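Taken in order, the sequence shown gives residues 44 to 555; the numbers are from the working numbering.
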Amino acid sequence: MKDRLIIFDTTMRDGEQSPGASMTREEKLRIARHLERMRVDVIEAGFPASSPGDFDAVRAVAGIIKDSIVCGLARANDRDISRAAEAVKPAKQSRIHIFIATSPIHMERKLRLTPDQVLTEAVNATRFARRFTEDVEFSPEDAGRSEPDFLCRVLEAVIREGAKTINIPDTVGYTVPEQFGVLIRTLRERIPNSDKVIWSVHCHNDLGLAVANSLAAVMNGARQVECTVNGLGERAGNASLEEVVMAVRTRQDIFPCDTRIDTTQIVPASRLVSGITGFPVQPNKAIVGANAFAHEAGIHQDGVLKSRETYEIMRAEDVGWAQNKLVLGKHSGRNAFRQRLKELGIELDSEEAVNAAFMRFKELADKKHEIFDEDLQALVTDESHAHDQGEHYRFVSLTAHTETGEMPYARIVITAEGKESRAEAQGSGPVDATLKAIESIAASGAELQLYSVNAITTGTESQGEVTVRLQKGGRIVNGLGADTDIVVASAKAYLSALNKLHSKIERINPQM
Ligand code: KIV
Ligand code: ZN
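Dropping the structure here:
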């Protein structure tokens, strides 16, 4: 029998460290449920000591997840460890993940500690964490730039203290696959008690090598990979869960292990995370990008029609692509709607949320004859956003006018804390005019960092999905909006971003 490759998802911790990807408690709960359904082994739900909000979110996740281990991150000090222990306590299976930097540059310039002091702190922290749980993971931060001799000393010591998983982070994405594979093999061979632990890796994607490095480590004995949905994460992100899982699954001829992931949940997970964070997935992204299974060249299309294996190494349906399935229409009832949401793995928190989403579905069905799974997902994401953020601002209506030779203008009606406001503005185009009109009411002063629009399905009838990124006072937020009218979608995306700015989500960066 093959070994199990443990999938440790850190979308809600490292993924959340992407600028603008902060998640609310409810959003984390939604993602956690999906990860559990996808059969992820370990869910790193957050960094409890970083903020009261993150503590609550991790605790809430720990309260509902039964089939995955729920993990909380902690720096190597008693306060962080106690907070993490407290937050994961309600979980059926829980883990504390401690980290401290071991590279010369981090020890000298960031921690201002000598290697011996770091060793002592690592040992003390592991001993302290073991008072709360048997399942303690230890990470020597920036291991990719640490000296192997020192790593061996630290890791042998923390294993003696009872760490059960040793995670080797390539924190700055500096290593290359062969070197990283050799590092894992060397540590396993040189550390006398290395057989007492599971070896794990956590690779960042600064050189685009996170997945390749993770897989090289697996070939050299790592049996846990830390990864994120859509490769979200600090800077260029982490190893992408879908790529790691599908590489191992597709190349069972060379990998000595496999995961227990239900791969049909991969595309829905990607959509969910993209919808919640407002980070669109690039069309050519492996596995989950819109073009990942699209064949453009005539020769390729011809080949695929004759025999799919000529140009496809995986089946789209195995990773959850529904192939633009027509699901519902104007006359579909509430039960069919609810049933389809269930099949898509979407759980709305309350009957009120189902009713609101159903109303929006009916509105959409009036405008668009064919409703696809993608439309339902966008619609529900919109609805859940609105629900979670307490909706300070709400879209009511929009009139936009464009005419060749005339200056475009827009008239917007929104509510702010339930009170209706209206405004008009001119702009270089209808979107510009609309956002200016909203800003004249909200007066947020936020800087627009990104505006992008994508078609959710195919054809001109498709809904447009707009992403807006705003920055204010050091905070970056992403807003998402979908509608058959892209100017309305833009207004909704802008309001969603403003609502996020309005809600207080605080988080500190654990790697600072
Ligand atoms: O990249 C990193 O080093 C981390 C650790 C906290 C594991 O995210
Ligand atoms: Zn990281």
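Note that beta-carbon positions come from the ideal geometry of N, C-alpha and C, so glycine has one too.
In this text the structure is predicted, and so the values were computed from the model without any measurement.
- Taken through DSSP and simplified to helix, strand or coil, H245 comes out as strand.
- Looking at the DSSP output, F51 shares a beta bridge with V85 and E269.
- Within 7 Å of the C-beta of E184 there is at least one heavy atom belonging to ligand 1.
- Annotation for A127: the continuous alpha helix (DSSP H) segment containing it runs D121 to V131.
- If you check the CB distance, T271 and I241 do not come in under 8 Å.
- Cα atoms of A127 and A466: separation of roughly 47 Å, rounded to the nearest angstrom.
- Distance between A333 and A165, taken at the CA atoms: about 44 Å.
- At least one heavy atom of ligand 2 lies closer than 7 Å to the C-beta of G276.
- M402 counts as exposed, since fewer than 16 other beta carbons sit within 10 angstroms of its beta carbon.
- With respect to A92, R122 sits close: the two C-beta atoms are nearer than 8 Å.
- Taking the Cα positions, G461 is about 14 Å away from S440.
- Comparing C-alpha distances from E199 to each of A359, A532, E482 and T229 shows the shortest one belongs to T229.
- Assignment of beta-bridge partners to Y494 by DSSP yields V511.
- In this structure, the alpha-carbon of A340 lies about 46 Å from that of F90.
- With a contact defined as Cβ atoms closer than 8 Å, G363 and P311 qualify at about 5 Å.
- Following the DSSP letters along the chain, one finds H343 inside the alpha helix (DSSP H) bounded by residues G341 to K349.
- The beta carbon of K411 sits closer than 6 Å to those of E504 and T527, all from its chain and outside the five residues before and after it, given in chain order.
- In the three-state DSSP reduction, N281 falls in the strand class (E or B).
- Linking A421 to V331 through their CA atoms gives a straight-line distance of about 16 Å.
- If you look at D192, you'll find it in the alpha helix (DSSP H) that goes P191 to R203.
- Here the alpha carbon of L541 sits roughly 14 Å from the alpha carbon of A480.
- At a cut-off of 7 Å, the beta-carbon of P323 does not count as near ligand 2: no heavy atom of the ligand is closer than that.
- By the CB criterion at 8 Å, A476 and Y452 fall inside the cutoff.
- Annotation for D57 indicates a beta carbon within 7 Å of some heavy atom of ligand 2.
- Here the alpha carbons of D84 and N378 stand approximately 33 Å from one another.
- A Cβ-Cβ distance of about 10 Å is found for the pair I143 and A117, leaving them out of contact under the 8 Å criterion.
- In this structure, the alpha-carbon of S283 lies about 36 Å from that of E406.
- Cβ contact annotation for I141 (same chain, cutoff 6 Å, sequence separation greater than five): A117, A119, A168, A172 and F181, in chain order.
- Ranked by how close their Cα comes to the Cα of R196, the residues G224, I342, P158 and N281 have P158 in first place.
- At least one heavy atom of ligand 2 sits closer than 7 Å to the Cβ of P212.
- G224 and S61 do not touch by the CB rule: their CB atoms are close to 27 Å apart, not below 8 Å.
- I139 and D409 have their C-alpha atoms roughly 50 Å apart.
- Look at H245: its beta carbon is less than 7 Å from one of the heavy atoms in ligand 2.
- For H435, the three-state secondary structure derived from DSSP is coil.
- Beta-bridge partners assigned by DSSP to G321: none are found.
- Judged by DSSP secondary structure, A399 falls within the alpha helix (DSSP H) whose first and last residues are E394 to K410.
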